[in-house]
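Letter 291 of the sequence shown, counting from 1, is numbered 291 in the UniProt record's numbering, and no numbers are missing. Every residue gets a Cβ at the ideal spot worked out from N, C-alpha and C, and that includes glycine.
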Amino acid sequence: MKAKITAVFTGFFLLFSILNPITASANDTQLPVVDPSSGIISNNIVAPNASLILTYRVTDDVGCCSTSLIGVYKDSGRNVNSNQVYYSIGASHTRVSGSATDGRYQVSFVAPTSLETGTYYVKVQAIDNFGRYTHLEQVASFIIDKDLPVMVPNSGVFPKSTFNPGESFNFTYQITDNAGCCSYNVVSLWKVSGKNPAGSPDYQFSGASLVSGTQTNGTYQASVQLPPSISLGTWYVKAQARDIATWYTHVEALGSISVVAPTPTPTPSRTPTPTPTPSRTPTPTLSEEEIATRAAQKATEDALAAKRAADSAAKAAAEKAKKEKSKTLGDVNEANLDAWSSIDVSQFKVLPKRLKGVIKEDARLTIENSPYLVSNTVDIAAGVDVYIEPGVEIKLTSSGSFRVKGRLKVAGTSDNFVKFSGKIKSYFSVQGSSAASEIDINHASFSGGGALLAPSGNAGYASFNLRNSQVVNVSDYSYIWYPGASSYIEGNVFRASGGFSVGFRARDYESGKELVFRNNLFIGKSTTGYWVEVWASYGSEVLVTKNSFTRGPYTALRIREGHDNAFMSAYENFWGTTNAQTIGRMILDAEDSGDYEAEIDYSDPLTAPDPKTPTRLFFNF
Numbered sequence: 001m002k003a004k005i006t007a008v009f010t011g012f013f014l015l016f017s018i019l020n021p022i023t024a025s026a027n028d029t030q031l032p033v034v035d036p037s038s039g040i041i042s043n044n045i046v047a048p049n050a051s052l053i054l055t056y057r058v059t060d061d062v063g064c065c066s067t068s069l070i071g072v073y074k075d076s077g078r079n080v081n082s083n084q085v086y087y088s089i090g091a092s093h094t095r096v097s098g099s100a101t102d103g104r105y106q107v108s109f110v111a112p113t114s115l116e117t118g119t120y121y122v123k124v125q126a127i128d129n130f131g132r133y134t135h136l137e138q139v140a141s142f143i144i145d146k147d148l149p150v151m152v153p154n155s156g157v158f159p160k161s162t163f164n165p166g167e168s169f170n171f172t173y174q175i176t177d178n179a180g181c182c183s184y185n186v187v188s189l190w191k192v193s194g195k196n197p198a199g200s201p202d203y204q205f206s207g208a209s210l211v212s213g214t215q216t217n218g219t220y221q222a223s224v225q226l227p228p229s230i231s232l233g234t235w236y237v238k239a240q241a242r243d244i245a246t247w248y249t250h251v252e253a254l255g256s257i258s259v260v261a262p263t264p265t266p267t268p269s270r271t272p273t274p275t276p277t278p279s280r281t282p283t284p285t286l287s288e289e290e291i292a293t294r295a296a297q298k299a300t301e302d303a304l305a306a307k308r309a310a311d312s313a314a315k316a317a318a319e320k321a322k323k324e325k326s327k328t329l330g331d332v333n334e335a336n337l338d339a340w341s342s343i344d345v346s347q348f349k350v351l352p353k354r355l356k357g358v359i360k361e362d363a364r365l366t367i368e369n370s371p372y373l374v375s376n377t378v379d380i381a382a383g384v385d386v387y388i389e390p391g392v393e394i395k396l397t398s399s400g401s402f403r404v405k406g407r408l409k410v411a412g413t414s415d416n417f418v419k420f421s422g423k424i425k426s427y428f429s430v431q432g433s434s435a436a437s438e439i440d441i442n443h444a445s446f447s448g449g450g451a452l453l454a455p456s457g458n459a460g461y462a463s464f465n466l467r468n469s470q471v472v473n474v475s476d477y478s479y480i481w482y483p484g485a486s487s488y489i490e491g492n493v494f495r496a497s498g499g500f501s502v503g504f505r506a507r508d509y510e511s512g513k514e515l516v517f518r519n520n521l522f523i524g525k526s527t528t529g530y531w532v533e534v535w536a537s538y539g540s541e542v543l544v545t546k547n548s549f550t551r552g553p554y555t556a557l558r559i560r561e562g563h564d565n566a567f568m569s570a571y572e573n574f575w576g577t578t579n580a581q582t583i584g585r586m587i588l589d590a591e592d593s594g595d596y597e598a599e600i601d602y603s604d605p606l607t608a609p610d611p612k613t614p615t616r617l618f619f620n621f
C-alpha cells in the first residue's frame, strides 16, 4: 500500500509541476516540449519481460534535459497518469542525436512480467536544465501477447501422397496468431507421429513464405527436397513457428507422405522355345506381362528388405549420435565450469554480516564476515553480480531468501564448501528475472529448509546450475521454470529431500539449449514422491543420465499426468539392477497409465555407478 501511495503521489507531483513550473531563469521563456509523434519503439508486440528501447524528440528554447520520467499506462492520453503499471525516473535516458535545444533521446525498459494481454501506452516527461517540465506526453504504445501462435494441425496440402527419394515438392499449411507470425518457420520430417515428439527431426527445411491471408491467419508455402538417401516408408511432416512476440507454436503434425522406391521398367524377355519332354504336362510359357509382374514383385520385396535394413541402421545411428552428443556436451561443459574466472571479484564491494534490502552493485560475501545472517528477502538487482567466497557460511531465518534478477556465483571448492542452512520456504527465487540472469552454485551444502528454488507464482527465466553440492533435509520440491539458458544439475548428492519439477523450452533446434541431470547420487526416495518430474519440454527433451538411484525401488522419475508436451530421456543410469521390470517400477510414464502422455527411455542401465558420480555424502553435518 505504501508503494502504491508513493507512486500516486509522485505522479501527482509531476503533473502539478507541469501547471506550476518552478521559477526559471529570465532567459527560459518556454516549457520544453516532447514531440508526441516522434516516438519509435523497438517492438510493438511483445511478451511480458521483454526488453524495449524507446526513442523520442524533445525541444526547448534554452536546453534539455537534466532527467526524464518514463511510464507505462493502461489508459491513453496526454497528462493521464491513471492505471500506471511501470514507472521510472532517470532510467537510462540518453541523448543519441541532435542538440540540447532539439535532440532525440533514448531510454530502455523491461515490460513487467505481471502485464496481462492488451494494449499499453508509453509516456514520457522531461525536465529542462532550468527545472521546467514538459507535459506527460504519450509517444508510443505496445501490445502484450501471452498467447501461443497455432500451427493448425493436419492443415498440410500436398501435391500427392507418394514420392521417390531425391524428389522435391512444395506444399502449404496454415498458421493463426493474435499478434502476427512468423519470424521463425521451419518444416521438418520425422519417423514418429504426433505433436511435440521427443528428440530431433531427421530433416529440416526453412524458407517458408506467406502466400495468402494475413500474419494473423495465413497460408504458408514450404519447399521440401527429399535426400536421395532417405529411407523408404511413411514420413510425418511437422512444423514449428515463432510469432512477433517470440512465442512458439507446438511442433505440430501437418500430415504424412510415403517414400517408395521408383517403379522399375521391366525388360521384355524372349519367349523361350519349348523343349519337348516325356512329361504329359507341358512346361508353361510365361507371358511378357507375367514376367513384368514377377520382376515388379521382386523389386518391391528387395525395396522392403532395404528399407528394413536402412531403418534399423538409422535407428542405431540415431541412438549412438544422441549418446555421443550427450558425452560431447558433457565434456565441453566440464571444460567451461567457471565463466567467472575472467572477472576480478576483488574489486567487488564487501557486504556486511547482516544482509538485507537490494544489492545494487557488484558485491561479494567474504570469509572474514562469515557467518552471514539473512532474515528477509535479499534482492540481487538486474545487471548486478554477487560472488560468495569459499568457506562462507550463510544462515537464513524467517522469510530469508535470495531473489536473483542479476547473477549469483556460489564459488565453493572441494575442500572448502559454502554452507547454507535454515528453516525457510526457499533458499532462492528467480521471480522477475530475465534470460540473462543466472544462479551458479559449485561445492555448496544445503541443510534444512523448504526448497532450493520454490515456485514464485510469476515468471522468472534465470538459468540454474548446481554442481558438486550436497542437499540434505531440504523437504520441498524445487521448481525450474523455462530457464533462458542451458541449466545443469551435475555431480551432486541428494538425501531426504524434495525433487525437481521441470518446465523447459529449447525454442528451436539450432539453439543448443539443454537441461541436464547428470552424475548425481540420489540416496533413497525423495520427500516429494519423485526426484525428477517433467511437465513441459518444448523442442527438446530433459536428459537424465549417468546418475545413481540407490536403496530402491521407489518412484525416481516421472512425466506429470495430463501433459502431452513433456519428454524425458533417462538412458545409462545406475539403478542397483539391470532388470527392466524392476527399473520400470521406479518410473511413471505412459507404460503405467494413459494419464501419462509420453514414455521415458531408460535403456542401457549401468551395471556399476559411473566413475564421475559420487558414491556417498561429501561430509556429515
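*In whole angstroms, what separates the C-alpha of E599 from that of D592?*
Spanning the two alpha carbons is a distance of roughly 9 Å.
*Enumerate in chain order the residues of its own chain whose CB-to-CB distance from I587 is below 8 Å, with the five nearest sequence positions on each side excluded.*
Around I587: T555, A556, L557, R558, A570, I600 and Y602.
*Go through the stretch 362 to 426 residue by residue and report every complete run of the beta strand (DSSP E) that reaches 3 residues or more, in order.*
Runs of beta strand (DSSP E) with 3 or more residues, each lying fully within the stretch 362 to 426, are found at 363 to 365, 372 to 374, 377 to 380, 385 to 388, 393 to 396, 401 to 404, 407 to 411 and 418 to 422, listed in chain order.
*With distances taken Cα to Cα, identify the nearest neighbour of K123 among S212, F142 and R403.*
Per the Cα distances, F142.
*I244: buried (16+ other C-beta within 10 angstroms of its C-beta) or exposed?*
Buried, by the Cβ-count rule.
_Cα-Cα separation between G484 and A381, rounded to whole angstroms_ = Taking the straight line from one Cα to the other gives about 17 Å.
_Taking the straight line between their C-alpha atoms, what separation do you get for V418 and Q347?_
Taking the straight line joining both Cα atoms gives about 21 Å.
_Can you list, in chain order, the residues of its chain with a C-beta nearer than 7 Å to that of S475? Leave out the 5 residues immediately preceding and following it._
The beta carbon of S475 is closer than 7 Å to those of G450, S497, G498 and T527 in its chain, skipping five residues each way along the sequence.
*Compute the Euclidean distance between the alpha carbons of F517 and E490, then round it to the nearest angstrom.*
Computed Cα separation, rounded: 6 Å.
*Following the continuous alpha helix (DSSP H) through A126, name the residue where it begins and the one where it ends.*
First-last for A126: G118 to D128, but that is the beta strand (DSSP E), not the alpha helix (DSSP H).
*Please name the residue or residues paired with V211 in a DSSP beta bridge.*
DSSP lists no partner for V211.
_One question on the structure: do D145 and A179 come within less than 8 Å of each other, judged by their Cβ atoms?_
Yes, they are a contact pair.
*Pull up the distance between the alpha-carbon of A536 and that of D60, whole angstroms please.*
Here the alpha carbons of D60 and A536 stand approximately 54 Å from one another.
*Taking just the CA atoms, how far does T377 sit from V544?*
Here the C-alpha atom of V544 lies approximately 32 Å from the C-alpha atom of T377.
*Below 8 Å, can you find three or more Cβ-Cβ pairs linking the stretch 71 to 87 to the stretch 112 to 132?*
In this structure the stretch 71 to 87 touches the stretch 112 to 132; the number of beta carbon pairs closer than 8 Å is three or more.
*Buried versus exposed, by CB contacts within 10 Å (16 or more), I439*: Flag for I439 reads buried.
_F109 classed as buried or exposed, judged by whether at least 16 other C-beta atoms fall within 10 angstroms_ = Its Cβ being crowded by 16 or more others within 10 Å, F109 is buried.
*What three-state label does DSSP hand G255 in the structure shown?*
Three-state result, G255: strand.
*Measure the alpha-carbon distance for G207 versus C181 and round it to whole angstroms.*
Take the alpha-carbon of G207 and the one of C181: they are about 14 Å apart.
_Other residues of its chain near A459: CB distance less than 7 Å, five sequence neighbours each side excluded_ = Hits under 7 Å: P48, N49 and T113.
*Using the C-alpha atoms, what's the distance from T134 back to V34?*
Taking C-alpha positions only, V34 is separated from T134 by approximately 6 Å.
*Buried or exposed: V542, going by 16 or more other Cβ atoms within 10 Å of its Cβ?*
Buried: at least 16 other Cβ atoms inside 10 Å.
*Determine the contact status of G406 and S437, defining contact as a CB-CB distance below 8 Å.*
In contact: G406 and S437 (Cβ atoms closer than 8 Å).
_If I measure Cβ to Cβ from G391 and keep anything under 6 Å in the same chain, skipping five residues before and after, which residues do I get?_
For G391, where only same-chain residues beyond five positions count, the Cβ hits under 6 Å are I367 and N416.
*Rounded to a whole number of angstroms, what is the C-alpha to C-alpha distance between R467 and Y488?*
Distance between the alpha carbons of R467 and Y488: 7 Å.
*Can you say whether F402 is buried or exposed, counting buried as having 16 or more other CB atoms within 10 angstroms of its CB?*
Buried is the call here.
*asked:* Beta-carbon within less than 8 Å of F163's beta-carbon, same chain only, minus the 5 sequence neighbours each way: which residues are those?
replied: So the list reads F169, L226, I257, S258, V259 and V260, once near-sequence residues are dropped.
_Assuming Q225 is part of the beta strand (DSSP E), what are its boundary residues?_
That run of the beta strand (DSSP E) goes N217 to Q225.
*By Cβ distance below 7 Å, which residues in the same chain neighbour E361 in space, the five residues on each side in sequence not counted?*
In its chain, beyond the 5 residues on either side, K349 and V384 have a beta carbon closer than 7 Å to the beta carbon of E361.
*Can you say whether R294 is buried or exposed, counting buried as having 16 or more other CB atoms within 10 angstroms of its CB?*
Its Cβ having fewer than 16 others within 10 Å, R294 is exposed.
_Secondary structure of Q204, DSSP reduced to three states_ = The three-state secondary structure of Q204, taken from DSSP, is strand.
*Residues in its own chain within less than 8 Å of T613 by CB, not counting five upstream and five downstream?*
Contacts found: G491, N519, N520, L521, K546, N547, S548 and F574.
*Can you tell me which of D589, I583, P611 and R616 puts its alpha carbon nearest to the alpha carbon of P605?*
The option with the nearest alpha carbon to P605 is I583.
_Taking only three categories from DSSP, how would you classify residue 627?_
Absent from the structure is residue 627, since the part of the chain shown begins at 1 and ends at 621.
*What is the residue span of the beta strand (DSSP E) that Q431 lies within?*
Bounds of any beta strand (DSSP E) do not take in Q431, whose DSSP letter is neither H nor E.
_For V150, tell me which candidate among I359, R242 and F171 has the shortest Cα-Cα distance._
With distances taken between CA atoms, V150 lies nearest to R242 out of I359, R242 and F171.
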